[in-house]
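**Student:** In full-length UniProt numbering, the protein residues as written are 1 to 186.
Now the structure itself:
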């Protein structure tokens, strides 16, 4: 038996070695399994990140497309606004011209108004002079003086007109007689 025991010793050692190798392999398999599971978890996270990045990229592409559309719309608006600015400039020039014309018209209206006031004042003075003349005529009638008739006044006016060499005082006579070429006429 001794022989067999001795003979068994190398095979037992061999078995122990194999068992140790098997245990080492089991440990290695466990480590590799744990690493594989960790790698799968990591891969799952990476896949989730990839999906997230893909969706973010798609969103950005959509935003980019919408921004490009917005850029095109803004370019159109800029073109429209430049046309509107040109039109606005034309309208402002027209408004300026109209304001100038209104200013001129108001100046003309003011000068017309002033002229009307002057005419009215002159008419008032003439009315006052006529009223004074009427009062003077009435006074002469009341005092017993007889005023000259119109025919006598006209004859006197003709005589005065022929005799005057200086300041001309009878424009009504010249108008009645038709002396348009009278040098002393107003």
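Backbone N, C-alpha and C fix where the C-beta goes; we use that ideal spot for every residue, glycine too.
These numbers were taken from a predicted model, which means no experiment stands behind them.
To the nearest angstrom, how far is it from the Cα of residue 101 to the Cα of residue 112?
**Tutor:** Taking the straight line joining both Cα atoms gives about 16 Å.
**Student:** Can you give me the C-alpha to C-alpha distance between residue 24 and residue 57, rounded to a whole angstrom?
**Tutor:** Computed Cα separation, rounded: 47 Å.
**Student:** State the Cα-Cα distance for the pair residue 127 and residue 87, rounded to the nearest angstrom.
**Tutor:** Each residue's alpha carbon lies about 58 Å from the other.
**Student:** Just the Cα atoms here: how many angstroms apart are residue 47 and residue 35?
**Tutor:** Rounded to whole angstroms, residue 47 to residue 35 spans 18 Å at the Cα level.
**Student:** Can you grab the Cα-Cα spacing for the pair residue 69 / residue 37, in whole Å?
**Tutor:** Roughly 47 Å between the two C-alpha positions.
**Student:** Helix, strand or coil for residue 16? Go by DSSP, reduced to three states.
**Tutor:** It is helical.
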